[in-house]
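Undergrad: Numbering (full-length UniProt numbering), first residue to last: 1 to 103.
Note that beta-carbon positions come from the ideal geometry of N, C-alpha and C, so glycine has one too.
In this text, all values refer to a predicted model and were calculated from it rather than measured experimentally.
#1: Does DSSP put residue 15 in a helix, a strand or coil?
#2: Answer with buried or exposed for residue 96, where buried requires no fewer than 16 other C-beta atoms within 10 angstroms of its C-beta.
#3: Out of curiosity, what's the CA-to-CA distance linking residue 68 and residue 46?
#4: Out of 40, 66 and 13, which has the shortest C-alpha to C-alpha gap to residue 22?
#5: Please name the residue, chosen from 15, 2 and 31, that lies closest to residue 73 on a Cα-to-Cα basis.
#6: For residue 92, which residues from the same chain have a beta carbon less than 6 Å from its beta carbon, with the 5 sequence-adjacent residues on both sides left out?
#7: On a Cα-Cα basis, can you pick out the residue from 39, 10, 84 and 28 that is closest to residue 59?
What follows is the structure, given as structure tokens:
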């Protein structure tokens, strides 16, 4: 499973109705730290296929979702379990921190 693009149109299906935890990366194309974090998220998604779904939300294109979840700084990684945000990490994080979110 590769990283999916999440929009307000597929958020309900991909995140809220998911049968596995969902890690969402809030990012923007102009954000330098987001560019550093993106390959870490991609690698995490590859290594945890089947355990977790990984998606990215471009905050410039999906301002409503960013506002709904009070994303003030990017990158922000948010873990959803059973449709609810359970953990949030702000800033560039090592892959180990993302893995800790699953345990």
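TA: Taking the structure as given:
#1: Residue state, collapsed to three classes: helix.
#2: Here residue 96 is exposed: its Cβ has fewer than 16 other Cβ atoms, across all protein chains shown, within 10 Å.
#3: 28 Å
#4: 13
#5: 31
#6: So the list reads 33, 36 and 37, once near-sequence residues are dropped.
#7: 28
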